[in-house]
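Undergrad:
There are 2 protein chains.
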Amino acid sequence: MDGQAPRAGSREQGRMLGVLRDEGALSRVALGERLELPRARLAAELGRLIDDGLVEVGGPAASRGGRRSTLVHLADDLRVIGIDVGATSITAAVTDGRCEVLASASEECDVRLGPVEVLRRARELAARTAARAPGRLIGAGIGLPGPVSFRDGMPVAPPIMPGWDRYPVRDELASALGCPVTVDNDVNVMALGERHAGVARSLDDLIFVKVGTGIGCGIVLGGRVYRGVAGTAGDIGHVRLDDFGPPCACGEVGCLEAYFGGAALARDGLTLARTGRSPVLAETLAATGSLTARDVGTAAASGDFAAASLVREGGRRLGQVVASLVSFLNPGMVVIGGGVSRLGHALLAEVRSAVYRRSLPLATGNLPIVLSELGDDAGVIGAAWSATERAFMSPA
Amino acid sequence: MDGQAPRAGSREQGRMLGVLRDEGALSRVALGERLELPRARLAAELGRLIDDGLVEVGGPAASRGGRRSTLVHLADDLRVIGIDVGATSITAAVTDGRCEVLASASEECDVRLGPVEVLRRARELAARTAARAPGRLIGAGIGLPGPVSFRDGMPVAPPIMPGWDRYPVRDELASALGCPVTVDNDVNVMALGERHAGVARSLDDLIFVKVGTGIGCGIVLGGRVYRGVAGTAGDIGHVRLDDFGPPCACGEVGCLEAYFGGAALARDGLTLARTGRSPVLAETLAATGSLTARDVGTAAASGDFAAASLVREGGRRLGQVVASLVSFLNPGMVVIGGGVSRLGHALLAEVRSAVYRRSLPLATGNLPIVLSELGDDAGVIGAAWSATERAFMSPA
Chain X
106 MDGQAPRAGS REQGRMLGVL RDEGALSRVA LGERLELPRA RLAAELGRLI DDGLVEVGGP
166 AASRGGRRST LVHLADDLRV IGIDVGATSI TAAVTDGRCE VLASASEECD VRLGPVEVLR
226 RARELAARTA ARAPGRLIGA GIGLPGPVSF RDGMPVAPPI MPGWDRYPVR DELASALGCP
286 VTVDNDVNVM ALGERHAGVA RSLDDLIFVK VGTGIGCGIV LGGRVYRGVA GTAGDIGHVR
346 LDDFGPPCAC GEVGCLEAYF GGAALARDGL TLARTGRSPV LAETLAATGS LTARDVGTAA
406 ASGDFAAASL VREGGRRLGQ VVASLVSFLN PGMVVIGGGV SRLGHALLAE VRSAVYRRSL
466 PLATGNLPIV LSELGDDAGV IGAAWSATER AFMSPA
Chain D
106 MDGQAPRAGS REQGRMLGVL RDEGALSRVA LGERLELPRA RLAAELGRLI DDGLVEVGGP
166 AASRGGRRST LVHLADDLRV IGIDVGATSI TAAVTDGRCE VLASASEECD VRLGPVEVLR
226 RARELAARTA ARAPGRLIGA GIGLPGPVSF RDGMPVAPPI MPGWDRYPVR DELASALGCP
286 VTVDNDVNVM ALGERHAGVA RSLDDLIFVK VGTGIGCGIV LGGRVYRGVA GTAGDIGHVR
346 LDDFGPPCAC GEVGCLEAYF GGAALARDGL TLARTGRSPV LAETLAATGS LTARDVGTAA
406 ASGDFAAASL VREGGRRLGQ VVASLVSFLN PGMVVIGGGV SRLGHALLAE VRSAVYRRSL
466 PLATGNLPIV LSELGDDAGV IGAAWSATER AFMSPA
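So the protein sequences, as listed, match chains X and D.
Each number in the numbering used here corresponds to the 1-based position in the first sequence with 105 added.
Each number in the numbering used here corresponds to the 1-based position in the second sequence with 105 added.
Here it is as structure tokens:
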């Protein structure tokens, strides 16, 4: 590598790289059909990509029968970094050009430490991970737990990220890593991950609902992330359910997040433990001195009645909000992910029941409401995918 | 006219016609700049449009100074029909190629009479209106008060339109009128009307909320109507606000429409009149024997306390739903229209207060929440616009 990340040289080359990323090895004939390019043009553009080392001839996939046709595929040594910064952890992965994870690692990290410290750790984690699968870096993507200006590559007024407001995340990472970088909201990249490689594969209209420390929603319409005019689309955590509800970390009251975010579940679990209404949680509290949302989920799964009721009640409220979303947007799929989604089928049952009861039958008729398939990998895969979009689609 | 409506012959010609529709007369130079077409290509495509009589040379608009440049504009005699079928009325308009209304007319008509009768009346009304501004018909658009399959040109399972389910509205009208026809949901065409010629002019992301007999919402994202996978996007009338709320015409309970649609306002107004809590409504009831939503609005505007409270309460509930929409979609503008919007600023104040209180500050920071500017014309203008899109953008 000569210090400059390899990139597509034209729009057609970018489209070719995108098709090879999404579909894997293809014959020259099939690639030409996908792109609707005349043979001579195809040969010229493809030749350039091969010369630049972005595409290789002879692929892992078998010919689909019939006459033999040379396969082409993305170069094996292309590498993309995907970073998912959560409220309390960082995950970094290195993928190949098709966004398949080759190596990944996670560590605890409080986003409130601020951008300098958190990005330093993220870079180190990414470097250690990348060293396990060496190759040529073509791009990196990062997801952050707050509103992001995608265009400017920086967070904008993020409620739970003190010190991050308008910090130049993209420019700093791009200069440190020596490749183009995309910065997006964590829920948006999760939605992209599930669409590229997960349960929502190839769907054009979907909603990804993340229930973790915070609650948010990634909206994919017509195959693209819909961000809204100020980049805040998908903010469902702070929809007010009750003017006299519990206080929320955002400073308001009665937000969905104040009922069903990670902190709310831990808080309500603590009440159940202290009042003795949940024997399982009381035991956990006595043993560890504190309770997390995960403890509530474990208690619910073990059959603890009070903890299970808490999950059902939260799922009902979440379902109420998701039902509105479904009525508004009539999506092709609702995917539920994030830490709290580990509560699994009890949660799903409540959400489904609320949506099917409250939304228009025509909108729910063919609507799958499913759990995330990629789990903790959704964010890093989506961030890597977003990075390839930039590397492939913005000609050098 | 030779029995065949004139249409664009190529994609570039379609784009030219679209620019001349949206911007009016332009110099050849300015048109070439808008389309980023090389001069020779521009001359050839424009020549074809002039030969076909779709575009004329020498226009009403003055040159913007500097050296003289020939103006071109859409032919003066192009005509488009826009039809807006509501629950209880039909409006038909004939417009020029720029979708400016040249003549329009309305009549009472119950959509429950079924498609044969309603479409017969719509055709007659359109023909009488078109006769007042003769010219060459290039297309017609119609909005219907229910879910529509835009692709198939027909209503699909519309709740308040018995007999209309999958009736081939587009094909029947196209054959009767001898021009291409588009069929869409009434709220979608209203949103397009406000975007083309009204308060939302040139905005790419907006929500149009119609409060009339029914309550619905047209969503424009990235400059295009977003319809959802089954065409039901924007259904906010049947978002359930309360599991134990009043019964709705759709068969469910507690829908927004059951609180604040035209029928709900009339029903609640009747209660106020009968119990004597509204002296104004009691008087109207005694005089006319019945009450409508409009009577409630008039009473509220005249200062009747009970009627005004009804409007405020409805506005609060509507605002609750609009706040969710704003949080989800982060639009650039919210436009409120339909019959009940005549309640005006009292209604607007309640909706604004709910949205600004409940949605994320970043999403409401630069968000205008305004009344429809085109009023009853929004639907016919939007339907005509949709018709020109088809006539211009689908080459013959």
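Backbone N, C-alpha and C define an ideal beta-carbon position, used for all residues, glycine too.
Please report how far the alpha carbon of A406 (chain X) lies from the alpha carbon of A412 (chain X), in whole angstroms.
TA: 9 Å
Undergrad: Determine the extent of the alpha helix (DSSP H) in which A208 (chain X) is found, giving its start and end residues.
TA: Where A208 (chain X) is concerned, there is no enclosing alpha helix (DSSP H), although the beta strand (DSSP E) it sits in stretches over 206–213.
Undergrad: Checking contacts by CB at 8 Å: is A296 (chain D) closer than that to chain X?
TA: no
Undergrad: Whose Cβ in chain D lies nearer than 7 Å to the Cβ of Y331 (chain X)?
TA: Near Y331 (chain X) (Cβ distances below 7 Å), the residues of chain D are L326.
Undergrad: When the cut-off is 8 Å and only beta carbons count, does H178 (chain X) lie next to chain D?
TA: no
Undergrad: Okay, do the region 358–375 of chain X and the region 413–427 of chain X touch, 3+ Cβ pairs below 8 Å being the bar?
TA: yes
Undergrad: Would DSSP call L154 (chain D) helix, strand or coil?
TA: Of the three classes helix, strand and coil, the one that applies to L154 (chain D) here is helix, per DSSP.
Undergrad: Starting from A232 (chain X), follow the alpha helix (DSSP H) in both directions and report where the run begins and ends.
TA: It spans 220–236 - the alpha helix (DSSP H) in which A232 (chain X) sits, taken as one unbroken run.
Undergrad: I need the straight-line Cα distance from R379 (chain D) to A387 (chain D), nearest angstrom please.
TA: 6 Å
Undergrad: From the beta carbon of S432 (chain X), is the nearest beta carbon of chain D less than 8 Å away?
TA: Answer yes: the Cβ-Cβ gap between S432 (chain X) and chain D drops below 8 Å somewhere.
Undergrad: What did DSSP end up calling A198 (chain X) once you bin it into helix, strand or coil?
TA: strand
Undergrad: Under the rule that 16 or more other beta-carbon atoms within 10 Å means buried, what is G484 (chain X), buried or exposed?
TA: buried
Undergrad: For S168 (chain X), name the three-state secondary structure that DSSP assigns.
TA: Here the model assigns S168 (chain X) a pLDDT of 49, short of 50, so the residue's position is not dependable and the matter cannot be decided.
Undergrad: Below 8 Å on C-beta distance, what does D310 (chain X) contact in chain D?
TA: Simply G333, V334.
Undergrad: Do you know how far the Cα of L183 (chain D) is from the Cα of E277 (chain D)?
TA: 22 Å
Undergrad: Is the beta carbon of A488 (chain D) less than 8 Å from the beta carbon of V460 (chain D)?
TA: no
Undergrad: With distances taken from CA atoms, which of X:P273, X:E117, X:G251, X:G244 is nearest L224 (chain X)?
TA: X:P273
Undergrad: Can you give me the C-alpha to C-alpha distance between R228 (chain D) and G258 (chain D), rounded to a whole angstrom?
TA: 17 Å
Undergrad: Which residues in the same chain have their Cβ closer than 6 Å to the Cβ of R275 (chain X), if we skip the five residues on either side of it in sequence?
TA: G258, V286, V288
Undergrad: Report the residues of the region 135–147 of chain D with a CB closer than 8 Å to any CB of chain C, ordered along the chain.
TA: Within the model displayed, chain C is absent; protein chains X and D are what it includes.
Undergrad: Can you grab the Cα-Cα spacing for the pair G191 (chain D) / V253 (chain D), in whole Å?
TA: 14 Å
Undergrad: Starting from T337 (chain X), find everything on chain D with Cβ-Cβ shorter than 7 Å and list it in chain order.
TA: N435, L465, L467, A468
Undergrad: At a CB-CB cut-off below 9 Å, which residues of chain X make contact with A440 (chain D)?
TA: Checking the sequence shown, residue 440 (chain D) turns out to be Val, not Ala. Chain X residues near V440 (chain D): none, gap ~15 Å exceeds 9 Å.
Undergrad: So for E478 (chain D), helix, strand or coil by DSSP?
TA: coil
Undergrad: On the criterion of 16 or more Cβ atoms from any shown chain inside 10 Å, does T318 (chain X) qualify as buried, or is it exposed?
TA: By the 10 Å Cβ count, T318 (chain X) comes out buried.
Undergrad: Tell me, please, whether the CB atom of D157 (chain D) is closer than 8 Å to any CB atom in chain X?
TA: No, its Cβ sits nowhere closer than 8 Å to a Cβ of chain X.
Undergrad: Measure how close the beta-carbons of P267 (chain D) and G336 (chain D) come, nearest whole angstrom, since I'm counting them as under 8 Å.
TA: About 19 Å; that fails the 8 Å criterion.
Undergrad: So, with DSSP's three-state summary, where would you put V124 (chain D)?
TA: helix
Undergrad: From the DSSP output, in three-state form, read off S464 (chain D) for me.
TA: coil
Undergrad: Taking the C-alpha atoms as reference points, what is the distance between I243 (chain D) and T493 (chain D)?
TA: Taking the straight line joining both Cα atoms gives about 8 Å.
Undergrad: Only counting the same chain, and skipping five residues up and downstream in sequence, which positions put a Cβ closer than 7 Å to that of S339 (chain D)?
TA: Here residue 339 (chain D) turns out to be Gly, not Ser, going by the sequence shown. Within the same chain, G339 (chain D) has close Cβ partners V292, G321, C322, G323, I324.
Undergrad: Report the option in X:I341, X:A231, X:L448, X:L308 whose CA atom is closest to the CA atom of G480 (chain X).
TA: X:L448
Undergrad: Which residues does DSSP list as the beta-bridge partners of H178 (chain X)?
TA: X:E161
Undergrad: Beta carbons nearer than 9 Å to chain D: which residues of the region 232–259 of chain X have them?
TA: Within the region 232–259 of chain X, the residues whose Cβ lies closer than 9 Å to some Cβ of chain D are P252, listed in chain order.
Undergrad: Using 10 angstroms around the beta-carbon of V221 (chain X), count the other beta-carbons present and answer buried if the total reaches 16, otherwise exposed.
TA: In this structure V221 (chain X) is exposed. Its beta-carbon is surrounded by fewer than 16 other beta-carbon atoms within 10 angstroms.
Undergrad: Give the list of continuous beta strand (DSSP E) stretches no shorter than 3 residues that lie fully inside the region 230–298 of chain X.
TA: 241–249, 286–290
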